[in-house]
Every structure is written in structure tokens, then in C-alpha cells.
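**Q** Quick note on numbering: numbering that gives the first Met the number 0 labels position 156 of the sequence shown as 155, and the sequence is numbered without any gaps.
Backbone N, C-alpha and C fix where the C-beta goes; we use that ideal spot for every residue, glycine too.
Let me give you the structure first, and then I'll get to my questions.
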Amino acid sequence: MATRRSRGDGGLHWDDKRQRWIATASLGFDPSGKRIVKRASGVTKTAAKNKLKEILRDYEDGLAIAPTGYTVKDAVSDWLAYGLAGRDPATVKTNTILCHTHVIPALGARKLRDLSADDVDRWLASKAKVLSTRSLEAIRSCLNRAVRRAMARDKVKRNVVELCAVPTGRAGRPSKSLTLRQAEAVLVAAEDSPLYAYFVVSLLTGGRTEEMRPLRWDHVDLEGDPEAVPEIPPHIAVWRSVRSTGDTKTRKSRRTLALPGRAIDALKVQRERQGWQRVAAGDQWQETGLVFTSAVGTELDAANVRRELRKILARVARMPGIEIEPQEWTTRETRTSFVSILSDRGIPLEEISRLVGHSSTAVTEEVYRKQIRPVIQTGAVAMDGIFGTPPPPKR
């Protein structure tokens, strides 16, 4: 005589409509008091029973069971929708683009419970042919965080992405810096530009583009205080950035920089130009207190500045004896040029690090390695001063 199944062991019946055996298991009740019933199907009794056993085994392990059709795309979409709450909109946009460009097209159709470390390794290896190592780290991070979130919600037993290392990708675009001659040509070519003062201040102080664009007039002192002890020179206070919090990139990025004479003159011209812009815009002018603005007073975006820089570089490229490709340059390279020019003049790395607002000299050396003077001359100069430079030995 067949024995009755124990409560919770599940049931098994034939579904004429689907032409399959259906296995069911009751897994208790949800917070609202509704019974939780999971189902599995198979073309044979054995297949259905095996799936039922897997469901019960997972239940005994304390895991809620994700739908068998739950895919990598579902996990990534859930993370994009709910896992980035409170993040900067630019961060959300970047992660969304990475996921929809690189993750979902390649792995999205794969069932999450079937995703293997081999799948991830093959995916990263294929992407390494077209992406830089940093981009590979970014897309792996997106997938890793999506699967980790799914695992925390019992959609999958483990996160196989954490088992996979990032391969070496294509070499990234190297940073460039203007030579002293090129930098001088840029300053001359920029004189008729509406962003003349922006490029003078950026190039002569090494400010980040996200620090220059939100610079306010109440953070600019073009007179200083010559009567103070010690004397206070004309300066700008780099205290803000375009980040969602308004804070600078790091604590040490918050700094006050003395202005070179050329930057002081350029900012005086900018203040006068802005007055004329205010009159020309009339009712359309928006008073923001910003130093560098559009024609109606609004804050510049990165694309505005980049386009204007390339227009200036196009004029530089027409100057005799100067070869430069405008489309290959970005606004951050005024900052690398600042570092390069100072380093070439023998300014110590520690001082350059303070000026550009890096947290340590290690950051300066790592990020701007090609711009830092490669030969350290301090020891040689000191020894020449101590021992003198003897005549060459007779042969």
C-alpha cells in the first residue's frame, strides 16, 4: 500500500494541457500570510521529481528559489533600477551605458543559475580585444555587483564573477601634454575666444575642468592684501566641483592657489566681458555668480569647453612650425601640461602634488608619470657642489 507523502514533500501530477509532469512544493507562507508554492515540470516523472528534490534541498538550505527563467539581464536590470539609489546621475548613466553596451548583449540571455565562471572568463577575454584594462574592470564590476545583489536576494546560490580575474586589455589612450611653445601658442590663439580666461586659468593653475567650471566670483580675489603679514597675493579658492555633493574630488583637492599675473589680467577681462554679456542677454540672463558661463549666464558643461579648446587648437595648428591634431586633445590635458611644464623647470614633485591637489606624490607620479622629469638631478647637483667637477682623466 502506497504511503502518504509527508507535509511539505510536494506533489506530482500530470498536466494534460502542457503534456508534462508537474511537481509542486509548499514552502510555507510569505509575510502577508499567502502560501508559497513552487512548481517544477518535466517530461517524465523522474525529471519532475529531480527538480522537486532540488527545490526542497534549496529550501532546507534556507534559500528562496528564484524563477527558473531568471536571467543575467533580469539581475543586471534589477541592479540598475534599485542598486544605484543615491548615486550621482552621471554614475548611473555611465553604469547603464556599460551594462547595455557590454554586459547584457553578451550574457543577458543566460539563465543566472547557469552562469559559470567559464562563461565570465570567455566574455572578459573577448572584451579584452577591444577594451582597455580599466574598462574591463568597470564592466566586470557592473556584473559582479548585479550578481551579488541577486545572491543577497536568493536568486542564485553563489557569485561566480568573483572567481574571475580581469585580463589585460588594450592599451588605453595615453595622456598628452603641451610643450612650452605649444602652450604659449594656445594662450595667444585663445585671446579671441569667449573662454579665453578659462584656458588661461586652467593652464596656469592646473585646475581640473570640474573645478574650473563651477568657480564663483566670490571665490576669486584679484587684489589680495599686500598689507597683511604675511602678504596675501591675488588668488582663487578651489573649494567646489561639479560633483553632486559640490565637494572637490578629495580633501586635499580643496586648496587656495595664488594667481600668476597673466591669469589675473585674464580674469579682469572676463569680468568686463561678462558684464557686456549680461547686457546683451537682457531678460534671458541667469545670475549664477559663476566666473565662466555661457552667453546667458548658465554653467558650462564639459562638451562646451572641449569644443572650444579644439577650435583654439585648430588655430594653433595653422601656425608655422607647430604640429598638433586638435581632435586628439581633451580639456584635462591642460592640467597635464601644467604638471609637465613645472616638472621640466625642475619644480619638486611634492610641490607639484600640492598645487594640483593630489592626496600624495604617489598619485601625481602614477597619473602623470610621462610628464614628470625622468632624471632626478638633486643628488648629482649636490655632489658637484661638494666635490667640484674635476677635469677628465688623461688617457
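Below 6 Å CB to CB, which residues in the same chain sit around Lys-72 once its five sequence neighbours on both sides are set aside?
**A** As a first step, residue 72 must be located in the sequence shown, where it is residue number 73. So the qualifying residues of the chain are Ile-103, Gly-107.
**Q** Measuring alpha carbon to alpha carbon, tell me which residue in Leu-214, Gly-260, Ala-279 is nearest Arg-254.
**A** Taking the first residue of the sequence shown as position 1, residue 254 is located at position 255. Of the candidates Leu-214, Gly-260, Ala-279, the one whose C-alpha sits nearest the C-alpha of Arg-254 is Leu-214.
**Q** Report the start-end ranges of each alpha helix (DSSP H) in the region 104 to 175 that is 4 residues or longer and not cut off at the edges.
**A** 116 to 126, 132 to 151
**Q** Cα-Cα, which of Gly-32, Val-268, Ala-39, Glu-161 is closest to Trp-20?
**A** Along the sequence shown, one-based indexing puts residue 20 at 21. Out of Gly-32, Val-268, Ala-39, Glu-161, Ala-39 has the C-alpha closest to the C-alpha of Trp-20.
**Q** Applying the criterion that 16 or more other CB atoms from any shown protein chain within 10 Å of the CB defines a buried residue, is Ile-13 buried or exposed?
**A** Stepping through the sequence shown from its first residue, residue 13 is reached at position 14. In the sequence as displayed, the identity of residue 13 is Trp instead of Ile. Its Cβ having fewer than 16 others within 10 Å, Trp-13 is exposed.
**Q** Between the alpha carbons of Met-211 and Arg-34, how many angstroms are there, rounded?
**A** The count along the sequence shown starts at 1 and reaches residue 211 at position 212. The count along the sequence shown starts at 1 and reaches residue 34 at position 35. For Met-211 and Arg-34, the distance between alpha carbons rounds to 59 Å.
**Q** When you compare each of Glu-209, Ala-279, Val-187, Gly-82 to Thr-330 by their alpha carbons, which one comes out closest?
**A** Taking the sequence shown and counting its residues from 1, one reaches residue 330 at position 331. Per the Cα distances, Glu-209.
**Q** Pairs of beta-carbons, one from the region 285 to 294 and one from the region 134 to 145, closer than 8 Å: are there three or more?
**A** no
**Q** Just how far apart, CA to CA, sit Lys-128 and Ala-189?
**A** The residue given as residue 128 occupies position 129 in the sequence shown. The residue given as residue 189 occupies position 190 in the sequence shown. Near 39 Å, if we compare the C-alpha coordinates of Ala-189 and Lys-128.
**Q** Mapping the DSSP letters down to three states, classify Ala-236 as helix, strand or coil.
**A** Counting from 1 along the sequence shown, the entry for residue 236 is found at position 237. Note: Ala-236 maps to strand in three-state DSSP.
**Q** Which term fits Gly-278, buried or exposed, when burial requires 16 or more other beta carbons within 10 angstroms of its beta carbon?
**A** Residue numbering aside, residue 278 sits at position 279 when the sequence shown is read from its first letter. Before going further, note that residue 278 is Val rather than Gly in the sequence given. So Val-278 ends up on the exposed side.
**Q** Within 10 angstroms of its Cβ, does Thr-45 collect 16 or more other Cβ (buried), or is it exposed?
**A** Numbered from its first residue, the sequence shown carries residue 45 at position 46. Result: exposed.
**Q** Could you tell me whether the region 264 to 280 touches the region 161 to 181, where touching means 3 or more Cβ pairs closer than 8 Å?
**A** no
**Q** For the beta strand (DSSP E) containing Leu-256, list its first residue and its last residue.
**A** Here the question's residue 256 lines up with position 257 in the sequence shown. 254 to 257 is the span of the beta strand (DSSP E), which, as asked, contains Leu-256.
**Q** If you run the structure through DSSP and keep just helix, strand and coil, what is Glu-298?
**A** Counted from its first residue, the sequence shown places residue 298 at position 299. Assignment of Glu-298 by DSSP, reduced to helix, strand and coil, places it in the strand class.
**Q** Determine the direct distance from the alpha carbon of Val-159 to that of Leu-114, and round the result to whole angstroms.
**A** Numbered from 1 along the sequence shown, position 115 holds the residue referred to as residue 114. Numbered from 1 along the sequence shown, position 160 holds the residue referred to as residue 159. Approximately 8 Å between the Cα atoms of the pair.
**Q** Please report how far the alpha carbon of Ser-131 lies from the alpha carbon of Val-165, in whole angstroms.
**A** Within the sequence shown, residue 131 is the residue found at index 132, counting from 1. Within the sequence shown, residue 165 is the residue found at index 166, counting from 1. Distance between the alpha carbons of Ser-131 and Val-165: 11 Å.
**Q** Let me check one thing: in DSSP terms, what residues is Glu-292 bridge-paired to?
**A** Within the sequence shown, residue 292 is the residue found at index 293, counting from 1. For the sequence presented, residue 292 should be read as Thr rather than Glu. Thr-292 is bridged to Glu-298.
**Q** Tell me whether the beta-carbon of Leu-194 lies closer than 7 Å to the beta-carbon of Glu-350.
**A** Position 195 of the sequence shown holds residue 194. Position 351 of the sequence shown holds residue 350. Contact flag unset, no.
**Q** Compute the beta-carbon to beta-carbon distance between Leu-111 and Ala-74, rounded to the nearest angstrom, for a pair I have assumed lies under 8 Å.
**A** As a working mapping, residue 111 is identified with position 112 in the sequence shown. As a working mapping, residue 74 is identified with position 75 in the sequence shown. At roughly 5 Å, the Cβ-Cβ gap stays under 8 Å, so Leu-111 and Ala-74 are in contact.
**Q** Would you tell me roughly how many angstroms separate the C-alpha atoms of Gly-205 and Glu-324, rounded to the nearest one?
**A** Indexing the sequence shown from 1 puts residue 205 at position 206. Indexing the sequence shown from 1 puts residue 324 at position 325. Rounded to whole angstroms, Gly-205 to Glu-324 spans 22 Å at the Cα level.
**Q** Assign Val-187 to one of two classes, buried (16 or more other C-beta atoms within 10 Å of its C-beta) or exposed (fewer than that).
**A** Position 188 of the sequence shown holds residue 187. Around the beta-carbon of Val-187, fewer than 16 other beta-carbon atoms lie within 10 Å, marking it exposed.
**Q** For Glu-136, collect the residues of the same chain with a Cβ closer than 6 Å to its Cβ; drop the 5 residues on either side in sequence, then sort them by chain order.
**A** Taking the first residue of the sequence shown as 1, we reach residue 136 at position 137. Excluding sequence neighbours, Glu-136 sits near Val-165.
**Q** Measure the alpha-carbon distance for Gly-7 versus Leu-51 and round it to whole angstroms.
**A** Taking the first residue of the sequence shown as 1, we reach residue 7 at position 8. Taking the first residue of the sequence shown as 1, we reach residue 51 at position 52. Confidence at Gly-7 is low in this model, with a pLDDT of 46, below 50, so its placement is unreliable and no value can be given for it.
**Q** With respect to the alpha helix (DSSP H) encompassing Leu-11, which residues constitute its N-terminal and C-terminal limits?
**A** In the sequence shown, the residue the question calls residue 11 occupies position 12. Note, Leu-11: premise wrong, no alpha helix (DSSP H); beta strand (DSSP E) at 10 to 14.
**Q** For Leu-221 versus Leu-256, is the C-beta spacing smaller than 7 Å?
**A** Taking the first residue of the sequence shown as position 1, residue 221 is located at position 222. Taking the first residue of the sequence shown as position 1, residue 256 is located at position 257. In this structure, Leu-256 does not lie closer than 7 Å to Leu-221 by Cβ.
**Q** If you run the structure through DSSP and keep just helix, strand and coil, what is Gly-384?
**A** Counting from 1 along the sequence shown, the entry for residue 384 is found at position 385. Three-state DSSP puts Gly-384 in a helix.
**Q** Three-state secondary structure (DSSP) at Gly-41?
**A** In the sequence shown, the residue the question calls residue 41 occupies position 42. The answer is strand: DSSP assigns Gly-41 an E or B state.
**Q** I'd like to check one pair, His-101 with Ile-138: are the Cβ atoms closer than 7 Å?
**A** The residue labelled residue 138 in the question sits at position 139 within the sequence shown. The residue labelled residue 101 in the question sits at position 102 within the sequence shown. Contact flag set, yes.
**Q** Helix, strand or coil: which one does DSSP assign to Ala-84?
**A** Here residue 84 corresponds to residue number 85 of the sequence shown, with the count starting at 1. Looking at Ala-84 - three-state DSSP - the assignment turns out to be coil, as it is neither helix nor strand.
**Q** What do you get for Gly-281, buried or exposed, if any count of 16 or more other CB atoms within 10 angstroms of its CB means buried?
**A** On the sequence shown, position 282 is the one that residue 281 refers to. Exposed is the call here.
**Q** Could you round the C-beta distance between Ala-355 and Val-338 to whole angstroms and report it? I think they count as a contact, below 8 Å.
**A** Sequence index remark: in the sequence shown, residue 355 carries index 356 (1-based). Sequence index remark: in the sequence shown, residue 338 carries index 339 (1-based). Note that residue 355 is Val in the sequence shown, not Ala. At roughly 6 Å, the Cβ-Cβ gap stays under 8 Å, so Val-355 and Val-338 are in contact.
**Q** Just how far apart, CA to CA, sit Lys-92 and Trp-216?
**A** Translated into the one-based positions of the sequence shown, residue 92 becomes position 93. Translated into the one-based positions of the sequence shown, residue 216 becomes position 217. Straight-line Cα distance between these residues: approximately 31 Å.
**Q** According to the neighbour-count rule (16 or more other Cβ atoms, all chains shown, within 10 Å of its Cβ), is Arg-261 buried or exposed?
**A** The sequence position of residue 261 within the sequence shown is 262, counting from 1. Looking at its Cβ environment, which holds fewer than 16 other Cβ atoms inside 10 Å, Arg-261 is exposed.
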